[in-house]
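Colleague: Here it is: the structure, laid out below.
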Amino acid sequence: MQSIMEKLQKRRTSAEKITRLLNDIRENKSNAINRFLKEAQQTVLSFGMKVCGGHVQDAEDTMQEVLVRFFRGARKLKFNDTKVLRVWLYKVAKNACLMNRRKGKYEPIYMSSINELLPRNENGEVQTLDIPDWSRIPDKLILEKENSHIIQKALLELPLDYRIVLVLRDMEGLSTKEVSEVVGISETNVKVRLHRARLFMRNELSKYLSPIYEKGERVEEEKGAKL
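Count along the sequence shown starting at 1, add 1, and that's the number in this note's numbering.
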């Protein structure tokens, strides 16, 4: 069965679109730069909101800053390696987000540690098993507008270092190697942070979405019994 994070990852296309459009620019295809800018604006804005939270206006300001920096760097790289450019785009976006956070925008500087947030068993140990089964929740339920704030709320409760890894890997679709390059840590540490972040998200999302799904499933079963 697929998990919610796997379903989210399956739907994501941002990184793939960015790569394809960068290839179009390299091949001098018609209107490629304008199409790239449109997609990059959406990608950077979405990344900023998921990672940094805050107001849309702050995220839009960051987006403009990121695109200017990106194209300055991209000219030096000459669009020869689209995967390098893709990593560069997310690295610039991540750095801009961190810089604005230090200036007091977005969320407060203090954040709980991941160990404080992970679910624990009755002995006080971090829970790694017996996580509520929310993998059967249908895509439709995850995509419903009223549930999007649940995902955003859970994301923003994650410590920033773990949130960035989760968003880059599971939502933007970067490889483990690419995430390590964006964040500046080893691939092993990426995997550790990703595992802990997924555990936290499973626990948080299942609190809200599993009961909703189970209720809907029971209604369907009752309807079937009456037929």
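Backbone N, C-alpha and C define an ideal beta-carbon position, used for all residues, glycine too.
With I26 as the anchor, note down where its alpha helix (DSSP H) starts and where it stops.
Modeller: It spans 15-27 - the alpha helix (DSSP H) in which I26 sits, taken as one unbroken run.
Colleague: Can you tell me whether DSSP reads S207 as helix, strand or coil?
Modeller: Of the three classes helix, strand and coil, the one that applies to S207 here is helix, per DSSP.
Colleague: Which residue comes first and which comes last in the alpha helix (DSSP H) that contains V168?
Modeller: Segment: none, V168 is in no alpha helix (DSSP H) and carries neither H nor E.
Colleague: Measuring only the C-alpha atoms, how far is R199 from I152?
Modeller: Whole-angstrom Cα-Cα distance: 12 Å.
Colleague: Whole angstroms are fine: how far does the CA of V193 sit from the CA of D59?
Modeller: Rounded to whole angstroms, D59 to V193 spans 31 Å at the Cα level.
Colleague: Do the stretch 181-191 and the stretch 29-44 touch if we need at least three Cβ pairs shorter than 8 Å?
Modeller: The stretch 181-191 is not in contact with the stretch 29-44.
Colleague: Locate the alpha helix (DSSP H) running through N293, then write down its first and last residues.
Modeller: Look at the range of the chain in this structure, 2 to 228, and you will see that residue 293 is not part of it.
Colleague: Cα-Cα, which of A16, L159, R197 is closest to V85?
Modeller: The option with the nearest alpha carbon to V85 is A16.
Colleague: Please state whether DSSP places I186 in a helix, a strand or coil.
Modeller: If DSSP states are grouped into helix, strand and coil, I186 belongs with coil.
Colleague: Just to confirm the assignment, what range does the alpha helix (DSSP H) spanning N35 have?
Modeller: Residues 33-53.
Colleague: If you check the beta carbons only, do L195 and L167 fall under 9 Å apart?
Modeller: Yes, Cβ-Cβ distance for L195 and L167 is below 9 Å.
Colleague: Give me the Cα-Cα distance between E61 and L46, rounded to the nearest whole angstrom.
Modeller: Rounded to whole angstroms, E61 to L46 spans 6 Å at the Cα level.
Colleague: Return helix, strand or coil for K30, following the three-state DSSP convention.
Modeller: Three-state DSSP puts K30 in coil, outside helix and strand.
Colleague: Looking only at its own chain, which residues have a Cβ that is under 6 Å from the Cβ of T83, when we skip the five neighbours before and after it?
Modeller: Excluding sequence neighbours, T83 sits near T20, L23, N24.
Colleague: Applying the 10 Å Cβ sphere with the 16-neighbour rule, what's the burial state of L38?
Modeller: When all chains shown are included, L38 counts as exposed.
Colleague: Go ahead and pull the three-state DSSP assignment for S176.
Modeller: Coil.
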